[in-house]
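Everything below concerns the one structure shown next.
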Amino acid sequence: MAKRSLKASPAGIQQAKRAFALKGWTQENLAGEVNLKTRQPIWRFFTGQPVDRQVFMEICQVLDLDWREIAKNPPAEFLEPGETVALTLDELVAQVRSQHHDTIQHRCGILQLLDVRHPVNIDDIYVDVNILEAVANQQCLDVSALNNLDPADFNRMGLGMIDQPQIPGVEAVKNYSKLRVLGKPGIGKTTFLQHLAVQCNQGEFAPEKVPIFILLREFAQAAKRQDDVSLFNYIHQTLVRSGLTNPAQLERLLIEGRVLMLMDGMDEVINQDISATIREIRSFSDKYHRNQFVVSCRTAAQELALHGFTDVEIAPFSSEQITTFAQKWFVTLGRTANSQGQTQTVDFTADFLEKLDLPENWQFRQLVVTPLFLHLSCWLFQGQGQFPTKRTAFYKQGLDLLLGKWDENKGVTRDDTYRGFLLPQKMRLLSQLAAVTFEKGQYFFEQRVIEQYIEDYLQNLPEMTLQPEELQLESEAMLKAIEAQHGLLIERARGIFSFSYLVFQEYLTARKIVATHNLSALEQALGGLVSHITDPHWHEVFLLTAGMLRSADSLVQLMKQEVDALVAQDPHLQEFLMWVNQKSKSLPDPKLATTRAFYLALAQDSPTANQFALASTLDQGIFLDTALENLLRDFAIDHSQNFAYAHACSEALNNILVIVLDAGFYKSLQQIKEQLPASHQSQEQLETWWKNNYANWVEQLKDSVAKYRNIHHPWQFNPEQKQVLNRYYDANQLLIDCLNSNCEVTETMRKEIEATLLLTQQELDDREWQNN
551 MAKRSLKASP
561 AGIQQAKRAF
571 ALKGWTQENL
581 AGEVNLKTRQ
591 PIWRFFTGQP
601 VDRQVFMEIC
611 QVLDLDWREI
621 AKNPPAEFLE
631 PGETVALTLD
641 ELVAQVRSQH
651 HDTIQHRCGI
661 LQLLDVRHPV
671 NIDDIYVDVN
681 ILEAVANQQC
691 LDVSALNNLD
701 PADFNRMGLG
711 MIDQPQIPGV
721 EAVKNYSKLR
731 VLGKPGIGKT
741 TFLQHLAVQC
751 NQGEFAPEKV
761 PIFILLREFA
771 QAAKRQDDVS
781 LFNYIHQTLV
791 RSGLTNPAQL
801 ERLLIEGRVL
811 MLMDGMDEVI
821 NQDISATIRE
831 IRSFSDKYHR
841 NQFVVSCRTA
851 AQELALHGFT
861 DVEIAPFSSE
871 QITTFAQKWF
881 VTLGRTANSQ
891 GQTQTVDFTA
901 DFLEKLDLPE
911 NWQFRQLVVT
921 PLFLHLSCWL
931 FQGQGQFPTK
941 RTAFYKQGLD
951 LLLGKWDENK
961 GVTRDDTYRG
971 FLLPQKMRLL
981 SQLAAVTFEK
991 GQYFFEQRVI
1001 EQYIEDYLQN
1011 LPEMTLQPEE
1021 LQLESEAMLK
1031 AIEAQHGLLI
1041 ERARGIFSFS
1051 YLVFQEYLTA
1061 RKIVATHNLS
1071 ALEQALGGLV
1081 SHITDPHWHE
1091 VFLLTAGMLR
1101 SADSLVQLMK
1111 QEVDALVAQD
1121 PHLQEFLMWV
1131 NQKSKSLPDP
1141 KLATTRAFYL
1151 ALAQDSPTAN
1161 QFALASTLDQ
1171 GIFLDTALEN
1181 LLRDFAIDHS
1191 QNFAYAHACS
1201 EALNNILVIV
1211 LDAGFYKSLQ
1221 QIKEQLPASH
1231 QSQEQLETWW
1241 KNNYANWVEQ
1251 LKDSVAKYRN
1261 IHHPWQFNPE
1271 QKQVLNRYYD
1281 ANQLLIDCLN
1291 SNCEVTETMR
1301 KEIEATLLLT
1311 QQELDDREWQ
1321 NN
C-alpha cells in the first residue's frame, strides 16, 4: 500500500521555490491558501521533509505544479485499506462515471414541464441553444437613438437591437473552461446545463470527465444547515450516495481536471447566502482550475461576478429552433381522445406552424422565442386547435408565470424586496410603469427615469412613510427585483431599460385603462385612449382594451365619434364620401358599409390589397368596377414603345365584357374595343394608330366607365387630404377590428356602427334626427 506522506526531491524543491517566488507570497500566505492553521507543513515541504500527501498535493496545486514532478520517488497510484488494485486515472473516471450514471440520468435526464402531469425525457424535447458571446446589456447605446426606431421595425424580443453573431451552446462550453451562462427567465438555462450533464453522462460530450450537477440554492441551504459546508464536501456527499466513499478519489479527479462542474441558478440563492456561495465557487474553481466549470444565472443578476469566468448569454430561438421544438413537443406530448374515448397521439406541428405564421397571430410569433412561452403556446394550441382568440388571457398567463408561478413550479423562493407587495399590487405598479412610458412613446428609458416613475408610484401609496432619500433607494431596489425576479423590465444596454416584451407593455397599458376605479375616471381614460386612434403604435392597445372591458360599447362609440371627426371639416372629403355612399346605394341589395369601404379604397392612388380588407363581401358589380379601375390605371402607363399592347387591351376588354350585364354599357365597350387596331398590322401601322388615336380612345373609355359605372372621377386630393383619408381608413379598420375581436359589444351598438360607417357628417346628422 502506498505511503501516506510525500517529500520533495532536491530538484523539485528548487522548482517549487521558483514558483513560490513568482507568487510573491510569504509562507503564511501559502499556508492560508492551502487552509493550514500553521506554516509548519510549508517549512517541511521546502526543506524536503515528509509532508502528509494530501497537503503535499494541495501545495503543488496552489503553486500550479504537478506533484509527481516535485515528489521524490512518487508512487504510481494511491491505495486505501481494502483496495487490491491500483486504478489508473482513466479507470477511476470510468468507475465514478459508472457509479454516478443513474443519479445523473434521474436528476438531469427528465423534465417536469409546466401544466404537464408526467415527466418528459429531456432528449425528447430538448433543442440545441445558441449563445451570444457579447452580453446585450453590456453594450453602450444612446436611448434617444433607440426611441427613434419605428416599433414596426422592432424585433419584438430584441426590440430592434443589432443582430449579434451566435455560436452553438456546446461550442461555447468547449471554448471556455470557466463559463457563466446568462439568460432571461424561461429561456432554457437550467435545461441547457441538464443537457450537458446527460450528454457527458452518455459519453457524447467530454467523455473523459465526470459530470457533477448541483443546484446552487440547494448547496446554499445545505451549507447553512451544516455550518459552512464546502463545495468539495457537498459534492463528495452527492457521490457517496452513488457509491464513491473515498474523498481522496474525488480529490484526485479534481486535481487532474477530470470533472465537468455544472452549477445551476446563481440568481436563485437568497441575498443572505449569496456572498458566501460566490466566495466558495471562486475558491473552488481557483483551487481546481483544471476542470470544466459552467454556471447559470439570470442576466439581471450578473453583477454577482465570478473571477476568471467568461459571461455569455443564451440567444432567443430562431425560426428553425421554433420549428424543431414544436415538432418534438407535439410528437412527445400531442395526445388527444378519439371518438371511442381512447388516447391517441396527434401531430399538430404543421397546423401549429402554419397558423403561427398567419398575420393575425404575429403577437404569438413574437413571444414564442423562449422555450417557456413556446411550450405554453403548444400546450394551449393542443387543447383548442388554434391560438386563443382573446390574447388577453394568454398574456395574463404569461405574466402570472413571470410574476411567481414559474418560480413556484421550480420550488424557488425569492427575496421579498417589494415590502409585502402581493400579486395584484405588483400588477398595479407594472401597469402604471407601462402606461406612463407608453403614453410618452418611451419603449426604452434610462435607469434613473424608470426609477423616478417607481418613486412617483410609491409616493401615492397611502401607507408610504419613507423619506425622499429612502424612496430613491427603495425604487432602485424594486427595479432590480422586477428585473431579476420577473424579467419584465430588463437592461437592454448599459443604463437603458425596457419591457422584456413589447406586448406586455401594451397589455399592461390597456390593463391600466380598464382597471380605472370608477365610471367617470374610466370615461376619461377611454377618451385619452381614443385620442390616439390615428397612431398605429396604439393599435394593439385598443384591441386589448376592448377585449378586457366588461362592456366595450362606450369605447367603440367614442372611437366612432373620433373617426367621423377626422373628415368632418373638409368639404371636398365630405363630397367624396357622399359619392361613395351614392355609388354603394346604386348596387342591387347593397351591404352599404362594405361597399362604401370598397369604393373609398378604390378611389385612392394605387390602392393596395390591404385597403380593400374592410370590404370583405364583394358582389359582381364590385368585381366589375375593380377590373375597370385596374384597366384604366394600366392605361395611364406609357405603352408607346410596346405596340403589341393593343392586343392585350383587346383581351382585357373581352374578359370584362363577360361580366357586363348592362346592355348600354356592353354596347359602348364593344364599340370602343372595335376601334383598336388588329394585331396582325405592321409595326408602322400600329405606331401611327397609337400616335394619332390612343389618347382619344382612352378618354372615350373613361367617359363610358364614368357614365355607366359612376367611377374613376378625377377627385384631385391634395397631399394633406390624402394623408387624412389614409388615417380615416385605418381608423375605421381599427374600429372594425375591435368589433370583431370577441369583445363585449351589444348587438344594437354593433349594428349602429356598421350602418353609419363611412358616412358624411350631413348623413350622420340626418340619421340622428330621424332616430330622435
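When we follow our numbering, the leftmost residue of the sequence shown carries the number 551, and every step to the right adds one. Glycine residues also receive a C-beta, built at the ideal position from the N, C-alpha and C atoms.
With respect to the C-alpha of Trp1088, the residue from Leu1072, Ile1063, Ala1071 and Ala1177 having the closest C-alpha is Ile1063.
Secondary structure at Arg1277: helix, using DSSP grouped into helix, strand and coil.
Exclusion of the five residues before and after His651 leaves Asn751 as the residues of its chain whose Cβ lies within less than 7 Å of its Cβ. In the three-state DSSP reduction, Pro1227 falls in the coil class, being neither helix nor strand. In the DSSP secondary-structure assignment, Met811 is bridged to Ile762 and Phe843. Shortest Cα-Cα distance from Ala826 to any of His1067, Ala770, Lys1133 and Leu973 involves Ala770. Taking each of Gln1235, Leu1178 and His1067 in turn and checking the Cα distance to Ala1256, the smallest one comes out for Leu1178. Judged by DSSP in its simplified three-state form, Leu661 adopts strand. In this structure, Gly815 and Arg767 form a Cβ contact; the two beta carbons are roughly 6 Å apart against a cut-off of 8 Å. In the same chain as Arg915, and ignoring 5 residues on each side of it, the C-beta atoms closer than 6 Å to its own belong to Leu906, in chain order.
With fewer than 16 other Cβ atoms from the protein chains shown falling within 10 Å of its own Cβ, Asp1212 counts as exposed. The count of Cβ pairs closer than 8 Å, one atom from the stretch 782-800 and one from the stretch 839-848, stays below three, leaving the stretches out of contact. Under the 8 Å Cβ criterion, the stretch 1027-1034 counts as touching the stretch 993-1005, having at least three qualifying pairs. Beta-carbon to beta-carbon, Cys928 and Phe1092 are separated by about 29 Å, too far to satisfy the 8 Å threshold. Comparing C-alpha distances from Leu1069 to each of Ile1046, Asp678, Ser1081 and Arg1100 shows the shortest one belongs to Arg1100. The alpha carbon of Ala566 has as its nearest neighbour, out of Ser555, Asp602, Met607 and Gln590, the alpha carbon of Met607.
The stretch 806-813 makes contact with the stretch 748-764: 3 or more CB pairs, one atom from each, lie closer than 8 Å. Counting every other CB atom within 10 Å of its CB across the protein chains shown gives Asn1282 a total of 16 or more, marking it as buried. For the stretch 888-947, the full-length beta strand (DSSP E) segments reaching 3 residues or more read 893-895 along the chain. Taking C-alpha positions only, Ile831 is separated from Ala561 by approximately 34 Å.
Each residue's CA atom was taken as its position, placing Leu883 and Gln975 some 36 Å apart.
Residue Phe1126 holds the alpha-carbon nearest to the alpha-carbon of Asn1260 among Glu989, Glu683, Phe1126 and Thr899. Nearest to Asn796 by alpha-carbon distance, out of Leu952, Asn1010, Ile1222 and Gln645, is Gln645.
Separation of Leu972 and Glu1013 (C-alpha to C-alpha, rounded to the nearest whole angstrom) is 15 Å.
Ala558 has Ala621 as its beta-bridge partners, per DSSP. Rounded to whole angstroms, Gly1097 and Asn783 show a C-alpha spacing of 56 Å. The C-beta of Trp1319 has fewer than 16 other C-beta atoms within 10 Å across all chains shown, which makes the residue exposed. Val1208 sits exposed, since fewer than 16 C-beta atoms from the chains shown fall within 10 Å of its C-beta. For Ser555, same chain residues with a beta-carbon under 7 Å away, outside a window of 5 residues either side, are Pro600, Val601, Asp602 and Arg603 in chain order. Uninterrupted beta strand (DSSP E) stretches at least 3 residues long and entirely within the stretch 1060-1124 do not occur. Bounds of any beta strand (DSSP E) do not take in Gln604; it lies within the alpha helix (DSSP H) bounded by Arg603 to Val612.
Residue burial is scored here from C-beta neighbours: Leu572 has fewer than 16 other C-beta atoms within 10 angstroms and is therefore classed as exposed.
Residue state for Phe971 is assigned as coil, using DSSP reduced to three classes.
Of Trp1240, Glu904, Ala1034 and Val677, the smallest CA-CA separation from Leu952 is found for Ala1034.
Residue state for Ala772 is assigned as helix, using DSSP reduced to three classes. Residue pairing of Gly733 in beta bridges, as defined by DSSP: Arg848.
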